[in-house]
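Colleague: Submitted below is the structure of interest, expressed as structure tokens.
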């Protein structure tokens, strides 16, 4: 009889602890999600100092290849681009269908993405430090392949970055 009571007590204690932990993690995720800013790419490029260190949601053209991994937007007057890196937990935070669209290719790819990440404007980033800004992407919310060869998407081809989310 004592054995059954001990097992039942142990089970109920473990269940209670699991519920408390799940509630704490869930609340923490909601708090983090509330801190995500929706940022227009052109506004970001015009005023990078206002967003340094911020976690943001941004839509842009992501282009990568052998020596580059960058975001840009045709709608902006500036030719500034943002270096892209990926957080350690990117794979676990991003749906497989989006990860597949940006998987490595020798020729590179050009993909329209909506990403959540942390922006940095205090350093030099990218291959040989040629870019002034960086976005460390935590997860993708959407991805649409535009070119399989990593080419720049040019004005007039109908694929703007549409910096504001649809």
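In the numbering used here, the protein residues as written are 61 to 226. For every residue, glycine included, the Cβ atom is placed at its ideal position computed from N, Cα and C.
For residue 127, which of helix, strand or coil comes out of DSSP?
Modeller: Three-state result, residue 127: coil.
Colleague: Give the DSSP bridge partners of residue 98, in chain order.
Modeller: 117.
Colleague: Please report the straight-line C-alpha distance between residue 108 and residue 181, rounded to a whole angstrom.
Modeller: Going by the C-alpha atoms only, they are around 6 Å apart.
Colleague: Tell me whether residue 172 sits in a helix, a strand or coil according to DSSP, three-state version.
Modeller: Residue 172 falls in the strand class under three-state DSSP.
Colleague: Helix, strand or coil for residue 177? Go by DSSP, reduced to three states.
Modeller: Correct three-state label for residue 177: strand.
Colleague: Are the CB atoms of residue 200 and residue 178 within a distance shorter than 8 Å?
Modeller: No.
Colleague: Measure the C-alpha to C-alpha separation of residue 258 and residue 159 and round it to an integer number of angstroms.
Modeller: A query on residue 258 cannot be resolved here, the shown segment of the chain reaching from 61 to 226 and no further.
Colleague: Applying the criterion that 16 or more other CB atoms from any shown protein chain within 10 Å of the CB defines a buried residue, is residue 126 buried or exposed?
Modeller: Label assigned to residue 126: exposed.
Colleague: With 16 as the cutoff for other CB atoms within 10 Å, does residue 183 come out buried or exposed?
Modeller: The residue is exposed, with fewer than 16 neighbouring Cβ atoms inside 10 Å.
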